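Enquirer:
Numbering (the UniProt record's numbering), first residue to last: 1 to 461.
1) Buried or exposed: which applies to residue 115, given that a residue is buried once 16 or more other Cβ atoms fall within 10 Å of its Cβ?
2) Using only alpha-carbon positions, find the residue among 359, 117, 67, 122 that is nearest to residue 165.
3) Starting from the C-beta of residue 65, find all residues in its chain whose C-beta is less than 6 Å away, skip the five residues before and the five after it, and write them out in chain order.
4) Is residue 249 helix, strand or coil when you go by DSSP?
5) What is the C-beta distance between residue 284 and residue 315, in whole angstroms, given that I count them as a contact (C-beta under 8 Å)?
6) How far does the beta strand (DSSP E) with residue 419 in it extend, from its first residue to its last?
7) Which of the three DSSP states is assigned to residue 224 in this structure?
8) With H, G and I counted as helix, E and B as strand and the rest as coil, what does DSSP make of residue 428?
9) Identify the residues that DSSP records as bridge partners of residue 364: which are they?
10) I'd like the list of long-range same chain contacts for residue 413, defined as Cβ closer than 7 Å, with 5 residues on each side in sequence excluded.
11) Less than 8 Å separating the beta-carbons of residue 216 and residue 80?
12) What span of residues does the alpha helix (DSSP H) with residue 413 cover, start to end?
13) Compute every distance between the C-beta of residue 395 and the non-hydrogen atoms of the ligand NAD, then say whether any falls below 7 Å.
14) May I have the straight-line CA-CA distance separating residue 210 from residue 138, to the nearest angstrom?
15) Out of 75, 45, 86, 94, which one is the CA nearest neighbour of residue 57?
16) In its own chain, which residues sit with a C-beta less than 8 Å from the C-beta of residue 145, not counting the 5 before and 5 after it?
17) With DSSP collapsed to three states, give me the class of residue 464.
18) Taking buried to mean at least 16 other C-beta atoms within 10 Å of its own C-beta, is residue 206 buried or exposed?
19) Looking only at C-alpha atoms, which of 251, 134, 143, 224 sits nearest to residue 236?
20) In chain order, what residues of the same chain lie with their CB nearer than 7 Å to the CB of residue 287, ignoring the 5 residues before and after it?
21) Return the CA-CA distance between residue 313 and residue 363, expressed in angstroms with no decimal places.
22) Short of 7 Å in beta carbon distance, which residues of its chain neighbour residue 214, apart from the five on each side in sequence? Order them along the chain.
23) First and last residue of the alpha helix (DSSP H) that includes residue 201?
24) Pull up the DSSP beta-bridge partners for residue 88, would you.
25) Compute the beta-carbon to beta-carbon distance between residue 148 and residue 110, rounded to the nearest angstrom, for a pair I have assumed lies under 8 Å.
26) Helix, strand or coil for residue 158? Go by DSSP, reduced to three states.
27) How would you call residue 132, buried or exposed, if buried means at least 16 neighbouring beta carbons within 10 angstroms?
28) Which of helix, strand or coil does DSSP assign to residue 111?
29) With a threshold of 16 other CB atoms inside 10 Å of the CB of residue 157, please say whether the residue is buried or exposed.
30) For residue 208, does the count of other Cβ atoms within 10 angstroms reach 16, so buried, or fall short, so exposed?
31) Whole angstroms are fine: how far does the CA of residue 365 sit from the CA of residue 323?
32) Please report the distance separating the alpha-carbon of residue 302 from that of residue 267.
33) Which same chain residues end up closer than 8 Å to residue 15 when comparing Cβ atoms and leaving out the 5 residues on each side of it in sequence?
34) Under DSSP, the alpha helix (DSSP H) around residue 290 begins and ends at which residues?
35) Beta-carbon within less than 8 Å of residue 248's beta-carbon, same chain only, minus the 5 sequence neighbours each way: which residues are those?
36) Just to confirm, are residue 69 and residue 97 a CB contact at a threshold of 8 Å?
Set out below in structure tokens:
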């Protein structure tokens, strides 16, 4: 069955071309504007890997090869296969397999057709066959219902009241729970089933008391997957099942439990989406721990060499995320206690943009800069590679956003007439009026790495 799974890109380092070279098929051009030159990788390895896995799931589902699909899911889940940036392979295969049924459900939801959505689910489950004896068929059926629940929650009026739409979403969540119940994740040693169980936690009895147990079991099963940590953070925020102090304690605890994988990076991952959706959270954040965790994530974690494919994905992701944060959050947190402390924490986190760019960014991944991707539920690049006009529009939007951010980061250098040039070895400057292409290294741009700064490591307790 391993032949079904596409071969993911290798981990060997691959030299980037000279700043303006178009000789590399993966780096067909460069962003050259206002004195900034940076190679552009239109379809990065992470995005390509995700697209291949989604294509695999879609192809097997369209051929009704459910047994082969279950085998592929079992193999990927059992060996904890992840893409270069840490996205679970099993989840991506599921996404592809559910693409068509989700599209049909979306059409019914748009028309406010409750029965049509349920009929779509019934037809899909009938095609799958019995789910009580096959955990991965149950997983596919449950994830189809989870997708339908998300559609109802995001739907506009569509002829139904908000209460009716919420009830429809709840019905699909209940159905997903019932499908998963015969297959305890611990019995199968399955991270994919554990993730699905965490996704339906709101319909479990006493979800608040189960939160830590369920999510810590999931994270222990697949600690190198950032999306599990991010999902835990979203579940812990006050808008769902937690409190600000509880979220802070859990983030510190997970940073200790996953230190062998992330250093202190789990603290950053858990807070990431919460800060994007609820800026008042900055008033409860330890900005020093967040920054230290971000260093650990981008430096590769303790004892782990930096994978260049993963590194550039994360550098683009966190640069775009940092650039999208507000500089002042006290107004956003009016009535919640957010004030000057939140503004100071936000300013410290936002200032990470400078060293993320200068220390880590070496090539541009436009898809991570456009369409709100840095706030998406997963750190993975978009799984579907757009084509034609959509591809050009996405590239232009992402490139324009990144260009504006880089121009702001290097405003002082550009004001002096210097060119800022990104190479595989770092950032270099070309003096104003120089006819030579010799690159002048600019050590002053580098934000001191934590291991070179005179400070004690932060205390997590």
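Every residue, glycine too, gets a C-beta built ideally from N, C-alpha and C.
This structure is a prediction, so every number in the text was calculated from the model and none was measured.
Expert: For this structure:
1) Using a 10 angstroms sphere on the CB of residue 115, the tally of other CB atoms stays under 16, which defines it as exposed.
2) Closest by alpha carbon: 117.
3) Once the five neighbours on either side are set aside, residue 65 has no close Cβ partner at all.
4) In the structure shown, residue 249 sits in a helix (DSSP, three-state: H, G or I).
5) So it is not a contact: roughly 27 Å between Cβ atoms.
6) Secondary structure note for residue 419: its beta strand (DSSP E) is the uninterrupted segment 419-423.
7) The answer is coil: DSSP assigns residue 224 none of H, G, I, E or B.
8) The answer is strand: DSSP assigns residue 428 an E or B state.
9) Bridge partners of residue 364: 40.
10) Excluding sequence neighbours, residue 413 sits near 420, 429.
11) Contact flag unset, no.
12) First-last of the alpha helix (DSSP H) with residue 413: 411-415.
13) This structure does not include the ligand NAD; it has no bound ligands of any sort.
14) Each residue's Cα considered, the two are about 22 Å apart.
15) Comparing C-alpha distances from residue 57 to each of 75, 45, 86, 94 shows the shortest one belongs to 94.
16) Apart from sequence neighbours up to five positions away, the residues of its chain that approach residue 145 with a beta-carbon distance below 8 Å are 121, 172, 173, 175, 176, 179, ordered along the chain.
17) Coverage of the chain is limited to positions 1 through 461, which leaves residue 464 absent and any answer about it impossible.
18) Only exposed fits residue 206, as fewer than 16 other CB atoms lie within 10 angstroms of its CB.
19) Cα-wise, what sits closest to residue 236 is 251.
20) Residues 345, 348, 349 of the same chain have their beta carbon placed closer than 7 Å to that of residue 287, with the five preceding and five following residues left out of the count.
21) Their backbone Cα atoms lie some 9 Å apart in a straight line.
22) If we look at residue 214 and ignore the five residues flanking it on each side, its Cβ neighbours are 197, 198, 201.
23) Segment: none, residue 201 is in no alpha helix (DSSP H) and carries neither H nor E.
24) Answer by DSSP bridge pairing, in chain order: 82.
25) Not quite, the Cβ-Cβ distance comes to about 12 Å (not below 8 Å), so this is no contact.
26) It is coil, neither helix nor strand.
27) Exposed.
28) Coil at residue 111, not helix or strand.
29) Its Cβ having fewer than 16 others within 10 Å, residue 157 is exposed.
30) Classification of residue 208: exposed, given that the 10 Å Cβ count is below 16.
31) Straight-line Cα distance between these residues: approximately 15 Å.
32) Computed Cα separation, rounded: 15 Å.
33) Because the pLDDT of residue 15 is 30, which lies under 50, any placement of that residue in the model is unreliable, and the number read from its coordinates should be weighed accordingly. By the criterion of a C-beta distance shorter than 8 Å, residue 15 is surrounded in its chain by 424, once the five residues flanking it on both sides are discounted.
34) Per DSSP, residue 290 belongs to the alpha helix (DSSP H) from 287-299.
35) Answer for residue 248: 284, 285, 286, listed in chain order.
36) It is a contact, given that the beta carbons lie within the stated cut-off.
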